[in-house]
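*Asks:* Quick one: structure below, then a few questions.
In the numbering used here, the protein residues as written are 381 to 745.
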């Protein structure tokens, strides 16, 4: 389809209107290959299973990033630490969250998504188990940094999964589900964790999270398929000499090359009659390397961020995350002190409003 001259570069037509039937049809973008192992060609249940696992670990990851501020009231007594020390740990976690993508995501682009998910789930589980039994300020800082780094990896890996298995016209809904999972982990599970901490203590809330992350890790080991697709050439090529193709549209071009004194070789494609599907072991491979330069992948974001629409989107998203962090920290400090004297359950309940607002926002979006 010819692109309208007034449309910006990169614009993709998503809907095609058939004049004969007067009914719209979706144009698939990106165009799927004929390879059944291309994630775009997967059956719905395979896509939904993979994406459900990604959503599960997203909820768990953001729970791990968010629940500690709910427990500050109990942790100051149990660990004999001040609010300033707990705030420093929160800052350390945010530092890890901010830098994790920069250092680790280029490897996800080059070597595949599966290993990244496995490492992220495993490290998050290990950090949660460690947090549930920590007693010192050094442990608090270490677990905070590790949690931030592993949580950051998960954030970007999910966006890659969406691009791998969904067409452009499906990605809005997929992103809506993703942000709902983010808000569930940021607001809904801390609500439940605060109530649990009142009766069982903050350590048991971390035990429950650790168990969930451990189960998710093993589910990823056996069920999550690699979604990075490396195109393959189906069929065999045959090189022949002095046998020009029987395409009248190309004959004029062929003659012009022959007049220039060039010797031409022609490639004929012999389509394959059958295609072997990847085995279970191949679908569960840990590495899917491709030859692109790691250095170029590291540098590319510096160029992309200069694009106006990318910069605007990044600032808008960062502003929302900034509000999220401030909300969780300030609520825990302010409402646990007089005259409010909220316990961990009441502090958790304050997260219900943002979660409900997000649900309406996701539906609208």
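Beta carbons: idealized from backbone N, C-alpha and C, even for Gly.
1. Just to check my reading of the structure: residue 449 and residue 493 have Cβ atoms closer than 8 Å, yes? What is that Cβ distance to the nearest angstrom?
2. Please confirm whether residue 548 and residue 394 have their CB atoms less than 9 Å apart.
3. Using a Cβ-Cβ cutoff of less than 8 Å, which residues in the same chain neighbour residue 712 once the five nearest sequence positions on both sides are dropped?
4. So is residue 672 buried or exposed if we call it buried at 16+ other beta carbons inside 10 Å?
5. Put residue 744 into one of helix, strand or coil per three-state DSSP.
6. Which partner residues does residue 406 have in the DSSP bridge list?
7. Can you check which of these residues, 417, 458, 447, 567, is closest to residue 738 by C-alpha distance?
8. Just to confirm the assignment: which complete alpha helix (DSSP H) runs, minimum length 4, are found wholly within the region 557-615?
9. If residue 545 and residue 416 are in contact, beta carbons under 8 Å, what's the gap, nearest whole angstrom?
10. Any idea what DSSP makes of residue 677, helix, strand or coil?
11. Buried or exposed: where does residue 621 fall if 16 or more other Cβ atoms within 10 Å of its Cβ makes it buried?
12. Express the C-alpha separation of residue 533 and residue 509 in angstroms, rounding to a whole number.
13. Going by C-alpha to C-alpha distance, which of 682, 519, 437 sits closest to residue 459?
14. Rounded to a whole number of angstroms, what is the C-alpha to C-alpha distance between residue 433 and residue 718?
15. Does the region 475-485 come close enough to the region 585-602 to have 3 or more Cβ pairs within less than 8 Å?
16. Among the candidates 558, 569, 496, 495, whose CA atom is the shortest distance from the CA of residue 443?
17. Among 431, 681, 577, 708, which has the Cα closest to the Cα of residue 537?
18. Look at residue 486 and residue 740 and say whether their C-beta atoms are less than 9 Å apart.
19. From residue 686 to residue 693, what distance separates their C-alpha atoms?
20. Do you know whose CA, among 574, 543, 496, 473, lies nearest residue 525's CA?
21. Between which two residues does the alpha helix (DSSP H) harbouring residue 689 extend?
22. Going along the chain, which residues of its own chain have a beta-carbon closer than 8 Å to the beta-carbon of residue 499, five neighbours each way excluded?
*Replies:* According to the structure shown:
1. Under the criterion of beta carbons closer than 8 Å, residue 449 and residue 493 do not qualify as touching, at roughly 30 Å.
2. Yes, they are a contact pair.
3. Cβ within range, chain order: 449, 450, 452, 453, 727.
4. Here residue 672 is exposed: its Cβ has fewer than 16 other Cβ atoms, across all protein chains shown, within 10 Å.
5. Residue 744: helix per DSSP, three-state reduction.
6. For residue 406, which the question treats as bridged, DSSP gives the partners 395.
7. Cα-wise, what sits closest to residue 738 is 567.
8. If you keep only unbroken alpha helix (DSSP H) runs of at least 4 residues inside the region 557-615, you get 569-580, 582-603.
9. Not really, about 14 Å apart at Cβ, beyond 8 Å.
10. Residue state, collapsed to three classes: helix.
11. Any reading at residue 621 is ruled out, since the residue's pLDDT is 45, under 50, leaving its predicted position unreliable.
12. Residue 509 and residue 533 have their alpha carbons spaced roughly 19 Å apart.
13. Ranking the options by Cα distance to residue 459, first place goes to 519.
14. Distance between the alpha carbons of residue 433 and residue 718: 42 Å.
15. The region 475-485 is not in contact with the region 585-602.
16. Per the Cα distances, 569.
17. Nearest Cα to residue 537 within the set 431, 681, 577, 708: 431.
18. Contact: no.
19. Going by the C-alpha atoms only, they are around 11 Å apart.
20. The residue with the shortest Cα to Cα distance from residue 525 is 473.
21. Residue 689 -> alpha helix (DSSP H) spans 688-715.
22. Cβ neighbours of residue 499 beyond the five flanking positions: 530, 533.
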